[in-house]
Amino acid sequence: MKLSQIAWRNIFRNRRRSLLSVLALAIAAMSLVLLFGLIDWMKDDLRTNLFRFYTGQIRIRDREFDTYEHLSPLHLKVEHALDLVEKIEQIPGVRAAAARIGFPAMVLEEEGTFLGVYGRAMDMEQERKVANLDEYLLTGEFPKAGSREILLTPSLAEELGKQVGDTLTLMARTATYGTNAMTFTITGLVRFPFSSLDRAFFIPLDTGQRLLRMRSLNGSTFDAASEVVVLLEEGVKERDVLPHVQALLATGSYGDVEAKPWQELPTLYSVIRIAEITYNIIGLLFLLLGSTVIINTTMMVIYERMREIGTMSAMGMEGGQLVGLFFLEALYLALIGAAVGVGLGALFAYPLGIYGIDYTAATQDIQWPISNIYYCTPTWRTYLFVFLFSVVVGAVTSFIPSRRAAKLNPIQALRTI
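Those letters in the sequence shown? Residues 1 to 417, per full-length UniProt numbering, in order.
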C-alpha cells in the first residue's frame, strides 16, 4: 500500500485528533485572513483620506509655505489658482484638481466671546471630484459659489449651538495682515469619515478669497489660493504627470511656487511609512502567533504517537518512510485546515467588508486620518499567502518530531507513554 493511502487512512483512524488539528489550523488561518484584510484596508484608507482631503497626489504651494505653515502664511500663495486648476485638468492622466485655502478663524458667539476654529475655503464643485463631497453631506445643501454660506461639521455645530438656517460671524486674519469678518448662513452639515476634521467649517473658495484678501500680485480680482492639489487617474504615476505640471509653473504666471509628488512631502511620507511599518510589525507578530499554533499542533500530533511509531519500526518500516508518512499526514491536515480557515476568513470578511465595525466612540479624540468605521477587505493575494503559509508551516514542521522519532530504537519508542 502506498504511503499516501496509509497517511490518508491514518487521518480518519483517529478522527477526534485530526479534527482538533484541522480546527487549530483553521482558526489560525482565519485569524490571519481577517487581520491582513484589516491591514490592507487601513493602508488603502490612510492613503485615500490623505490624498482626498489633504495633499492630493501632487501638491502645489509657494516654495516657502511649508517652512512657515504653522503660522498660516496666507501671503505665500498660488496666484491665479483657478486658471492653474483649469490648465492642469487638461493634462492627460489628471482626474481632478482643486484650489484650497486653509485658515484659522474666530467665531463670534452670542455672549460676546470668541471660539477658535479651523476652516477651509474651497471650490465645492471641484471638491466633489477630488474629495467626493457628496458622500459626506448629512443634511442641507452645499454653499453656492459667491455666497455667504457655510458648511459645518456636526461636532462644531453642536459646540456652537447652531443648526441649518442659523447664522454665524467669522473673523480671520487676512493675507495683507489685517482683519476681516463676514456673517454666514449655515446651509448644511457635513461629516467626514475620520475625526481630524470634526471641528471644521467650509466656505466657497471665492467668498474665502474676498474674506482673506487673497489677491494675486498686480491682480484686480481675488483669485489666489494657499495650494492646489491634484488627483490622478487610476494607474497613472506621479512621475508621468509631474513634468507637465512643472512646465506650467515654469512660466512664472502663478508666483514662486513648486509642485511636489506626495512621496516628497516629508510629513505625509513619514506618516504613511510609519503606518505601513507599524501595520507590518503587527502582521508579523500575528504570523508568529499563528505559526506557533500550527507548529505546536503538528508536533503534538506526532509526539503523542511514539508508541505507534515504535510498532511501525518493529514491523520493518524504515526511518525515511516514517518521516514521509507523517509529512503526508501533516500535509493533508494542513491543506484541509488552511482551506477551511481561508474559507471561514472569506465568509466573515464579506459582511465586514460591506458594513464594517464602527469605532467612532473610541477614535473620536484621535487626530488621525483613518476612517472611524473599520472594514476588512482581503485581496486575493492575502487569501493565497495565508493558504500557502499555513500549508507550508504545518507540513514542514512535521519533519522535526518525525525525524527524531524515526531515529529512536523501536523498543524505546514502544516504552514511550
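Ideal Cβ positions, reconstructed from N, Cα and C, are used throughout, including at glycine.
Element boundaries [alpha helix (DSSP H), containing residue i]
| i | result |
| --- | --- |
| residue 428 | Since the first and last residues shown for the chain are 1 and 417, residue 428 lies out of range. |
| Gly208 | Leu205 to Leu211 |
| Val22 | Arg15 to Leu50 |
| Asp240 | Glu238 to Leu249 |
| Ala395 | Trp380 to Val396 |
Integer Cβ distance of residue i from residue j, believed to fall under 8 Å
| i | j | result |
| --- | --- | --- |
| Leu232 | Arg128 | That belief does not hold up - the Cβ atoms of Leu232 and Arg128 are roughly 17 Å apart, past 8 Å. |
| Pro143 | Ile91 | Not confirmed; about 29 Å, so no contact. |
| Ser390 | Gly341 | 6 Å |
| Phe53 | Ala131 | 6 Å |
| Arg61 | Glu276 | No, Arg61 and Glu276 are not in contact; Cβ-Cβ is about 25 Å, not under 8 Å. |
| Phe184 | Thr167 | 7 Å |
| Gly119 | Phe65 | Not quite, the Cβ-Cβ distance comes to about 18 Å (not below 8 Å), so this is no contact. |
| Leu197 | Ala121 | Actually they are not in contact, since the Cβ atoms of Leu197 and Ala121 sit about 14 Å apart, beyond 8 Å. |
| Val229 | Gly93 | Val229 to Gly93, Cβ: 15 Å. No contact. |
| Gly337 | Val22 | 4 Å |
| Thr55 | Trp262 | 6 Å |
Same chain, Cβ closer than 8 Å to residue i, neighbours up to 5 away in sequence not counted
| i | result |
| --- | --- |
| Ala172 | Phe103, Pro104, Ala105, Met106, Thr179, Asn180, Ala181, Leu211 and Leu212 |
| Ala89 | Looking at the sequence itself, residue 89 is Glu, so the reference to Ala does not match. Within the same chain, Glu89 has close Cβ partners Ala96 and Ala97. |
| Ala339 | Phe387 |
| Leu138 | Pro154, Gly188, Leu189, Val190 and Arg191 |
| Leu335 | Val391 |
Nonlocal neighbours in the same chain, by C-beta distance under 6 Å from residue i, ignoring five residues either side
| i | result |
| --- | --- |
| Ser216 | Glu79, His80, Asp223 and Ala224 |
| Asp358 | Ile373 |
| Phe51 | Gln57 |
| Gly356 | Ile373, Tyr374 and Tyr375 |
Alpha-carbon to alpha-carbon, residue j and residue i
| i | j | result |
| --- | --- | --- |
| Gly13 | Phe387 | First, the amino acid is wrong: residue 13 is Arg here, not Gly. Rounded to the nearest angstrom, the two C-alpha atoms are 25 Å apart. |
| Thr207 | Ser31 | 51 Å |
| Ile11 | Ser18 | 6 Å |
| Pro154 | Glu329 | 59 Å |
| Phe286 | Leu35 | 8 Å |
| Leu265 | Leu76 | 18 Å |
| Ala346 | Val33 | 8 Å |
| Tyr375 | Leu288 | 23 Å |
| Ala28 | Asp45 | 26 Å |
| Glu238 | Val392 | 39 Å |
| Gly394 | Val323 | 14 Å |
| Glu159 | Leu151 | 14 Å |
| Thr382 | Ile282 | 15 Å |
| Ala247 | Pro73 | 25 Å |
| Glu135 | Pro243 | 32 Å |
| Leu20 | Thr292 | 15 Å |
| Asp123 | Ala145 | 8 Å |
| Leu344 | Phe385 | 15 Å |
| Gly37 | Arg59 | 30 Å |
| Asn49 | Ala24 | 37 Å |
| Arg199 | Ile186 | 15 Å |
| Ser253 | Val117 | 33 Å |
| Arg47 | Ile274 | 12 Å |
| Gln209 | Thr67 | 22 Å |
| Glu227 | Gly140 | 28 Å |
| Pro369 | Val396 | 42 Å |
| Lys2 | Leu284 | 39 Å |
| Arg250 | Ala26 | This sequence places Ala at residue 250; Arg is not what is there. Ala250 and Ala26: Cα-Cα distance of roughly 59 Å. |
| Glu69 | Glu111 | 32 Å |
| Tyr177 | Thr221 | 18 Å |
Close beta carbons around residue i, own chain, < 7 Å, minus the five adjacent residues each side
| i | result |
| --- | --- |
| Leu108 | Phe114, Thr169 and Met171 |
| Leu82 | Ala99 and Asp223 |
| Gly353 | Tyr375, Cys376 and Thr377 |
| Tyr279 | Ile39, Met42 and Lys43 |
| Asp256 | Asp62 and Arg63 |
| Ala175 | Leu74, His75, Lys77, Leu212, Arg213 and Met214 |
| Ser147 | Pro204 and Thr207 |
| Val241 | Ile58, Ile91, Gly93, Val94 and Leu232 |
| Ala349 | Val33, Leu34, Gly37, Cys376 and Pro378 |
| Lys87 | Leu248 |
| Thr360 | Asn372 |
| Val164 | Thr139, Gly140, Ile186, Thr187, Gly188 and Leu189 |
Residue range of the unbroken beta strand (DSSP E) whose run includes residue i
| i | result |
| --- | --- |
| Ala105 | Val94 to Leu108 |
| Ala259 | Val257 to Pro261 |
| Tyr118 | Phe114 to Met122 |
| Arg61 | Ile58 to Asp62 |
| Val230 | Glu227 to Leu232 |
Any C-beta of chain C under 7 Å from that of residue i
| i | result |
| --- | --- |
| Val230 | Reference to chain C is not applicable here, since this structure consists of a single protein chain. |
**Q.** beta strand (DSSP E) runs wholly inside the stretch 124-193, at least 3 long, in chain order
**A.** 137-140, 149-152, 167-173 and 179-190
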